[in-house]
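Heads up: take any position in the sequence shown, counting from 1, add 1140, and you land on our numbering.
A virtual CB, placed ideally from N, CA and C, is assigned to each residue, including glycine.
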Amino acid sequence: MPPDVVKAQSARYRQHGKPWHRSRLQNLSDYDIVRTYGAEYRGVVNYYLLAQDVWRLNTLRWNAVTSMLKTMAAKHHSTVTKMAARYKAKIETSNGLRTCFEARKHRKGKQDLVARFGGIPLKQDKRAVIRDPAPVKMPYPRKELIRRLRTRECELCETGTTVAAHQVTSLKALGKPGPGQPPWAALMAKMRRKTLIVCADCHYLIHAEPVAHAA
């Protein structure tokens, strides 16, 4: 296991000499945050499973999982300990039960989507097959608002239906956080977005329950 690889892979999760949160991921759902970290970690581990000292990737795992938990703690204004307790899970592997972290995305009428980080035994696998295909050119990603509209899911009540975009002029128009702030305004403030993708019923409720004393 090349020490330079462990150091380089761990570096992307570190800042100021320690594991750091990724602010660019804070606005994603918990499912997408865990899925992103899990895919990155899984890709490196699976590539080096043939190595006798693959256990050295424990350093990468610690840096990555700490960064992931710090990112979710920053998103929820919570602590790393609380985030670890919320998302910790056990999965069955060929080497018995292993601890991992998982987040679920609920879907109406379908099975939950599950994103996992970890749960991979860091032991040499002599039967591992390294697949290193040529990178496929990806089309330029759609803008976030278009992607949210194409999901066709109300971000307030989470039902799949025909949706529309509710927009405010600025985040100040959402008012101050507290008991007097409507749920829809609190959600937009948490997302730090001036738009909210909603169904017709929620759109009606938003206009029926405006923000009082908006700045």
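Spatial neighbours of residue i within its chain, please: C-beta separation below 6 Å, excluding the five flanking residues on both sides.
i	result
residue 1182	none
residue 1184	1149
residue 1296	1324, 1338, 1342
residue 1252	1244, 1246
residue 1235	1261
residue 1355	Model confidence at residue 1355 stands at a pLDDT of 43, short of 50, so the residue's coordinates are unreliable and nothing is read from them.
residue 1288	1337
residue 1192	1264
residue 1259	1231, 1238, 1240
residue 1159	1153, 1203, 1206, 1207
residue 1308	1334
residue 1229	1240, 1242
Which residue marks the beginning of the alpha helix (DSSP H) containing residue i, and which one marks its end?
i	result
residue 1237	That residue, residue 1237, is in no alpha helix (DSSP H); its beta strand (DSSP E) goes 1236 to 1245.
residue 1157	From DSSP, residue 1157 is part of no alpha helix (DSSP H); its letter is neither H nor E.
residue 1285	1284 to 1291
residue 1256	Element bounds for residue 1256: not the alpha helix (DSSP H) but the beta strand (DSSP E), 1253 to 1258.
residue 1264	Premise fails: residue 1264 is in no alpha helix (DSSP H) and is neither H nor E.
residue 1207	1198 to 1216
residue 1143	1143 to 1151
Which residues in the same chain as residue i place their Cβ atom closer than 7 Å to its Cβ, once the five residues preceding and following it in sequence are excluded?
i	result
residue 1255	1171, 1174, 1175, 1178, 1242, 1243
residue 1405	Nothing can be reported for residue 1405: it is not among the residues displayed for the chain, which extend from 1141 to 1355.
residue 1257	1174, 1177, 1178, 1181, 1205, 1208, 1240, 1241
residue 1156	none
residue 1248	1299, 1300
residue 1214	1161, 1166
residue 1152	none
Since I believe residue j is in contact with residue i (beta carbons under 8 Å), could you give me their beta-carbon distance rounded to a whole number of angstroms?
i	j	result
residue 1339	residue 1299	6 Å
residue 1162	residue 1211	5 Å
residue 1336	residue 1345	About 12 Å; that fails the 8 Å criterion.
residue 1262	residue 1198	6 Å
residue 1189	residue 1265	4 Å
residue 1310	residue 1334	7 Å
Could you pull the start and end residues of the beta strand (DSSP E) that residue i belongs to?
i	result
residue 1339	1335 to 1339
residue 1307	1303 to 1307
residue 1316	That residue, residue 1316, is in no beta strand (DSSP E); it is neither H nor E in DSSP.
residue 1231	1228 to 1233
residue 1183	Where residue 1183 is concerned, there is no enclosing beta strand (DSSP E), although the alpha helix (DSSP H) it sits in stretches over 1170 to 1187.
Looking at the strands, I want to know which residues DSSP matches up with residue i.
i	result
residue 1330	Its beta-bridge partners do not exist; DSSP assigns none.
residue 1249	Note: residue 1249 sits in no beta bridge, so no partner.
Given residue i, which residues of its chain have a CB within under 8 Å of its CB, disregarding the five upstream and five downstream residues?
i	result
residue 1351	1313, 1314, 1315, 1321, 1322, 1325
residue 1302	1292, 1339, 1340
residue 1146	1196, 1197, 1199, 1200
residue 1317	1326, 1329
residue 1143	1196
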